[in-house]
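Q: Protein chains in written order, with my numbering: chain L, 1 to 224; chain X, 1001 to 1357; chain R, 2001 to 2258.
For every residue, glycine included, the Cβ atom is placed at its ideal position computed from N, Cα and C.
First, the structure itself, so that you have it in front of you.
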Amino acid sequence: MTAEEWQIVWFTTWVSALSTLMILPFGLALAWLLARRDWPGKSIVETFVSLPLVMPPVATGLILLQLFGRHGALGKFLHDTLDLDVIFTWRAVLLALGVMSFPLLVRSARVAFEEVNPRLEQIARTLGAGHWRVFCTITVPLAARGIVAGMVLAFARALGEFGATIMIAGNIPGKTSTLSLTIFQDVQLGQDAHAFRLLGISVVLAFAAVWCSELLLCRKTKTL
Amino acid sequence: MSLLLKNISLPLADFSLEAGFEARKRITVLFGPSGAGKTSLLDLIAGLRQARSAFIQLDEHVLTDTARNFTVPAHQRGIGYVPQDLALFPHLSVRQNLLYGSKSAAEDSHSFTFDRVVEILEIQSLITRGVTGLSGGEKQRVALARALLASPRLLLLDEPLASLDAPLKAKIIPYLIRIRDEFHVPMLCVTHDRMEALTLADEIIVLDGGKVLQAGAVLDVFNQPANADVARLVGVETLQPGRITNVNDGLATVKIGGATLTALASGIHEGDVFVCIRGEDVSLQHDVVHATSSVRNRLLARVISLRNEGALVRVELDAGFQLHALITRPACAELALQQGETITALIKAPSVHLVPR
Amino acid sequence: MYFSFLIKRISGVVMAAVLFTAASLHAAEVTVFAAASLTDSLKSIATAYEKQSGDKIVFNFGASSTLARQIEEGAPADIFFSADEAKMDGLEKKALIDKATRQSRLGNVLVVVVPAGSSLEIKSACDLTNAAVKKIALADTKAVPAGVYAKAWLEKQQLWPAIEPKVVPTENVRGALAAVESENVEAGVVYKTDAGISKKVKVAYEVPATDAPKISYPMALVKESKQPEAGKKFLTFLASEEAGQVFRRFSFILLNDR
Chain L
1 MTAEEWQIVW FTTWVSALST LMILPFGLAL AWLLARRDWP GKSIVETFVS
51 LPLVMPPVAT GLILLQLFGR HGALGKFLHD TLDLDVIFTW RAVLLALGVM
101 SFPLLVRSAR VAFEEVNPRL EQIARTLGAG HWRVFCTITV PLAARGIVAG
151 MVLAFARALG EFGATIMIAG NIPGKTSTLS LTIFQDVQLG QDAHAFRLLG
201 ISVVLAFAAV WCSELLLCRK TKTL
Chain X
1001 MSLLLKNISL PLADFSLEAG FEARKRITVL FGPSGAGKTS LLDLIAGLRQ
1051 ARSAFIQLDE HVLTDTARNF TVPAHQRGIG YVPQDLALFP HLSVRQNLLY
1101 GSKSAAEDSH SFTFDRVVEI LEIQSLITRG VTGLSGGEKQ RVALARALLA
1151 SPRLLLLDEP LASLDAPLKA KIIPYLIRIR DEFHVPMLCV THDRMEALTL
1201 ADEIIVLDGG KVLQAGAVLD VFNQPANADV ARLVGVETLQ PGRITNVNDG
1251 LATVKIGGAT LTALASGIHE GDVFVCIRGE DVSLQHDVVH ATSSVRNRLL
1301 ARVISLRNEG ALVRVELDAG FQLHALITRP ACAELALQQG ETITALIKAP
1351 SVHLVPR
Chain R
2001 MYFSFLIKRI SGVVMAAVLF TAASLHAAEV TVFAAASLTD SLKSIATAYE
2051 KQSGDKIVFN FGASSTLARQ IEEGAPADIF FSADEAKMDG LEKKALIDKA
2101 TRQSRLGNVL VVVVPAGSSL EIKSACDLTN AAVKKIALAD TKAVPAGVYA
2151 KAWLEKQQLW PAIEPKVVPT ENVRGALAAV ESENVEAGVV YKTDAGISKK
2201 VKVAYEVPAT DAPKISYPMA LVKESKQPEA GKKFLTFLAS EEAGQVFRRF
2251 SFILLNDR
């Protein structure tokens, strides 16, 4: 394993972890709203959240490219006001990973919230706890296993992301090269041995992540 | 404590709940069959549910006034709630459960100190334990303590004895009485069980079909039901105060009015009781006072009135106390009962129910 | 009399039918794997060829490195038209092409392009090192010919270390073009022929032949081809003057023009 390879593994791991942390507050908020509240147009929101899960990743990447490109609605704003470019930088990797793994987090967290007995939340309120305190001390702790399982799943998905990433981040060595992108490039260049080494690492990382998720879910069902 | 509920309109599955009453005594029981909307009313008072129209006032504080679009959020009402399923927080220890509401406790709550509540409800040994391993009765006491430690102005209890078996009921009832007497917290209990209502209530409110049928002191309501619906719900024909003078060999001697009855003494000691006798359990016969029979209670009584109720006749008697009997019409004809006539009333000892006061 | 006329008529119809069937039996489908930069010119040539010969030409355009790799893995190509000799050499070493059919007739010119609305001025290779140029799109310099050529040019100017941090590698040369079109990069290095087909970019600097490496497009018949006869026929057409005129129109250099 060369220094370059370690850099790729390190980059992939930390950007996946960061993207998972980044989507956590939004994901939990949305999951809670979907679990506990009803509003007109709720089904449209549900569909939108699920889209990155069902659409081809490159299609999602294309949409992101349009939005965050130099002329896109968000890209133009970021460039003009904050002098911030997203496309072809590590920020694009963060964005692609976040968007693609978001639905997995929301789905897991929503189910976890739905399984919390609303009566417990109500009684907590009668004991003087405001909405935020109830959320932090009752809802989240009781939903914790499901939420963590969702985070692990999101992390694993981020580790393996390819389609959207190559669309908006490209495969810039040292800057946006992830494990998946590098494997793809290695195969194109005929560097199979290198590709297989990275493949091995990918498998180990993904295996560890999914195994943790299964462990957490298993323990949850055992205590029920 | 005064709780005022006016103009309540809560669309439930079948009907609209319209209830208005003032609850002033220390333990008020909301009595009615299942589905009468009692739990919804408690939810409304606690602020956990919205109504189409409602006016709720506790002492001098208005909690809900839909006419002015004003409502105090649930966590600011200071109303304790012990639901039927107790809702103990499974991820917290007993101690953490108990202390959950105490941060928002009022300053002048010297009577609600942790040690005092724990002592009164006898849960010292449970403090360090987790919630899931507790027995039914233990969970009940922890739930009560938790609600108390938030220093509530009013305590709502939803069917507090419903999920307990008879021995356990008998054990919990004293704790509820203690809460009333030691902590002076007004309580609003909801139940469909007559015996529970009798035991706990200072005041009773009869609710059915979303409407208040009658409200008042418990004896008044049970003895003088305002209408046939209340009578049907209340379902006890004879209800009189009495006093146990002697308990011997599993049997109790009860002095009631001018008469003495023998009853079964199931866990009851000497003291004041309510005596409950169902009309169907009273048999009438001519001239049997001196015969040998298994029936322990044979009373000479004078017929006060007769009233037809379908296939039955309700006979009101004076046996030293007001006694009701329900007999079939053919039987009444056979006995040729008349007002003012003397007849023997037969009541088996197990049919004399005693409820501690 | 009438009878012999009838015979002539019928035999005429039968002949036509036989010839027609023969012709359709011989109508072949030729699969051409070609460098991305050849996309527009080859499509135009193929349209003309199909009318003439009755054969059908099917294209697979992409980075020559990717295409070579696909052929190595057994992809069903009849003809390989690469953007550099190296990829063809690689296949020849593995005996995957028919050596006898190999010929190089096309060249190209490297240019630096900027978005059509850009005010950036590139007067020399050095200008690419300016701070105003934050990102430069190149086809992947490790294997794609356009990228390899561009890197060779910049290395010769001794500017590669300064420019490398700004490089955004794309999968093929058209990807670099698209990046410049979308304005997500400030500049890109592509072929003159690519710049020619896009209205959203303009040529800022044309790399002089003396600075650039020799660009040459070899074509050959793939050995495993299922249509060797039809393939050879198309190769002949590609080397013809008629095809040459189309290539010139798209700004390709014809090597025997020099």
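1) With DSSP as the reference, label R1314 (chain X) as helix, strand or coil.
2) Skipping 5 residues on each side, what residues in its chain have a beta carbon closer than 6 Å to that of Y2002 (chain R)?
3) My output table needs one value for G1242 (chain X): the three-state DSSP class, helix, strand or coil.
4) Measure from the alpha carbon of T249 (chain L) to the alpha carbon of each residue in X:L1323, X:P1350 and X:A1046, then state which is nearest.
5) Please list, in chain order, all residues of the same chain as G1216 (chain X) whose beta carbon is under 8 Å from its beta carbon, the five residues on each side excluded.
6) Three or more C-beta pairs closer than 8 Å, one from the region 1265-1275 of chain X and one from the region 1235-1255 of chain X: is that the case here?
7) From the DSSP secondary-structure annotation, give me the bridge partner or partners of Q2103 (chain R).
8) Return the first residue and the last residue of the beta strand (DSSP E) that N1097 (chain X) is part of.
9) Can you tell me whether I1277 (chain X) is buried or exposed? The criterion is at least 16 other CB atoms within 10 Å of its CB, across all chains shown.
10) Looking only at C-alpha atoms, which of X:F1321, X:R1153, X:G1032 and X:R1314 sits nearest to V1185 (chain X)?
11) Kindly indicate which residue of L:W32, L:R91 and L:V152 has the alpha-carbon position closest to the one of M167 (chain L).
12) Reducing DSSP to helix, strand and coil, say where M230 (chain L) ends up.
13) Is N2060 (chain R) helix, strand or coil when you go by DSSP?
14) Let me check one thing: in DSSP terms, what residues is K991 (chain X) bridge-paired to?
15) DSSP state of L1156 (chain X), grouped into three classes?
16) What would DSSP say about A1291 (chain X), mapped onto helix, strand or coil?
17) What does a CB cutoff of less than 8 Å around Q1339 (chain X) pick up in its chain, not counting 5 residues either side in sequence?
18) Identify which residue in R:V2114, R:D2089, R:E2229 and R:E2206 has its Cα closest to the Cα of N2184 (chain R).
19) Classify S43 (chain L) as buried or exposed, calling it buried when 16 or more other Cβ atoms lie within 10 Å of its own Cβ.
20) Use the C-beta contact count for M1187 (chain X): other C-beta atoms within 10 angstroms, 16 or more gives buried, fewer gives exposed.
21) So who's on the other strand from P2169 (chain R), going by DSSP bridges?
22) Answer yes or no: the CB of L18 (chain L) versus the heavy atoms of the ligand MN, is any distance below 7 Å?
23) If you follow the beta strand (DSSP E) that A1259 (chain X) is in, where does it begin and where does it stop?
24) In the region 1312-1348 of chain X, which residue ranges form an unbroken beta strand (DSSP E) of at least 3 residues, counting only runs that do not cross its ends?
25) Whose C-alpha, out of X:A1319, X:T1344 and X:L1312, is nearest the C-alpha of P1330 (chain X)?
26) Whose Cβ in chain R lies nearer than 7 Å to the Cβ of N171 (chain L)?
27) With distances taken from CA atoms, which of X:E1122, X:E1138, X:G1101 and X:Y1175 is nearest L1086 (chain X)?
28) If you check the beta carbons only, do L1200 (chain X) and F1222 (chain X) fall under 8 Å apart?
29) What does P1083 (chain X) reach in chain L if we use C-beta pairs closer than 7 Å?
30) Grab the span of the alpha helix (DSSP H) containing H1061 (chain X) for me, first residue to last.
31) So L226 (chain L) contacts chain R; which residues on that side make the cut at Cβ distance below 9 Å?
32) Assuming F2250 (chain R) contacts D2040 (chain R) (C-beta within less than 8 Å), just tell me the rounded distance between them.
33) Skipping 5 residues on each side, what residues in its chain have a beta carbon closer than 6 Å to that of M2122 (chain R)?
34) Compare the Cα-Cα distances from E1182 (chain X) to each of X:S1283, X:H1075, X:S1293 and X:L1121 and report the closest residue.
35) By Cβ distance, which residues of its chain are closer than 6 Å to T1066 (chain X), with the 5 residues on each side in sequence left out?
36) So for M1 (chain L), helix, strand or coil by DSSP?
A: Reading off the structure:
1) strand
2) Closer than 6 Å at Cβ, skipping near neighbours: no residue.
3) strand
4) What the structure shows of chain L is the stretch from 1 to 224, and residue 249 (chain L) is not part of that stretch, so it cannot be assessed.
5) If we look at G1216 (chain X) and ignore the five residues flanking it on each side, its Cβ neighbours are E1203 and I1204.
6) Counting Cβ pairs under 8 Å, three or more are found: they touch.
7) R:M2219
8) That residue, N1097 (chain X), is in no beta strand (DSSP E); its alpha helix (DSSP H) goes V1094 to L1099.
9) buried
10) Comparing Cα-Cα distances from V1185 (chain X) to each of X:F1321, X:R1153, X:G1032 and X:R1314, the minimum goes to X:R1153.
11) L:R91
12) Nothing in the structure corresponds to residue 230 (chain L), since chain L is present only between 1 and 224.
13) The answer is strand: DSSP assigns N2060 (chain R) an E or B state.
14) Because residue 991 (chain X) is not part of the residues shown, which for chain X are 1001 to 1357, the question remains open.
15) strand
16) coil
17) Closer than 8 Å at Cβ, skipping near neighbours: V1303, I1304, S1305 and L1306.
18) Distance from the Cα of N2184 (chain R) is smallest, within the candidate group R:V2114, R:D2089, R:E2229 and R:E2206, for R:V2114.
19) exposed
20) buried
21) R:L2138
22) With respect to small molecules bound, the structure shown includes none, and the ligand MN cannot be examined in it.
23) A1259 to L1264
24) 1312-1318, 1322-1328 and 1342-1347
25) X:L1312
26) P2169
27) X:E1138
28) no
29) What P1083 (chain X) touches in chain L: R119 and I123.
30) Not the alpha helix (DSSP H): H1061 (chain X) falls in the beta strand (DSSP E), residues H1061 to D1065.
31) It is not possible to answer for residue 226 (chain L), since the shown part of chain L is limited to 1 through 224.
32) F2250 (chain R) to D2040 (chain R), Cβ: 6 Å. Contact.
33) In the sequence as presented, Met is not what sits at residue 2122 (chain R); that position holds Ile. Excluding residues within five positions, the ones whose Cβ falls inside 6 Å are V2112, A2204 and Y2205.
34) X:L1121
35) S1053 and A1054
36) Taken through DSSP and simplified to helix, strand or coil, M1 (chain L) comes out as coil.
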